[in-house]
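The structure appears below as structure tokens.
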Amino acid sequence: MKRASCRGYPPNIFFPGDPNGKNFHDKRGLTRTKAAFALTICERCPVRAECLTYALKHYDDKYMPTDDGVWGGTVPWERKLLLQSRAI
Ligand code: SF4
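Counting from 1, position 24 in the sequence shown corresponds to residue 14 in the numbering used here; the numbering is continuous, with no gaps.
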């Protein structure tokens, strides 16, 4: 996404639970406080809605880390909640 505000930032800002960039941490443990800097970048992102839609659509895709880190201004537990609320 060329218009993404996160373009050029190191990935570990958006995946702060794992300093090595690997998925060895508790994905669902990421809090908004821990992800605060990334979330401020998402706030001014022109493709935020598309990013969130993509993350929700691919949440269970084992090849995409959309159940981890910050996507579309949300942390994993918020995306899980959104998906659960849509399933009702
Ligand atoms: S909304 Fe998505 S594309 Fe935009 S800054 Fe946040 S993570 Fe990056």
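For glycine and all other residues, C-beta sits at the position ideal for the given N, C-alpha and C.
Bridge partner(s) assigned by DSSP for residue i
i, result
"Thr64", "Trp61"
CB of residue i within 7 Å of CB of residue j, strictly
i, j, result
"Val37", "Ala(-6)", "yes"
"Pro0", "Ala25", "no"
Rounded C-alpha distance that separates residue i from residue j
i, j, result
"Gly11", "His48", "Per-residue confidence for Gly11 stands at a pLDDT of 49, beneath the threshold of 50, marking its modelled position as unreliable; no derived number is given."
"Tyr44", "Arg69", "11 Å"
"Asp80", "Lys(-8)", "What is shown of the chain runs -9 to 78, which leaves residue 80 out entirely."
"Gly63", "Ala28", "8 Å"
"Cys(-4)", "Gln74", "27 Å"
"Cys35", "Pro55", "20 Å"
"Trp67", "Asp50", "13 Å"
"Gly19", "Phe4", "14 Å"
Any non-hydrogen atom of ligand 1 closer than 6 Å to residue i Cβ
i, result
"Ile31", "yes"
"Gly62", "yes"
"Ala(-6)", "yes"
"Arg22", "no"
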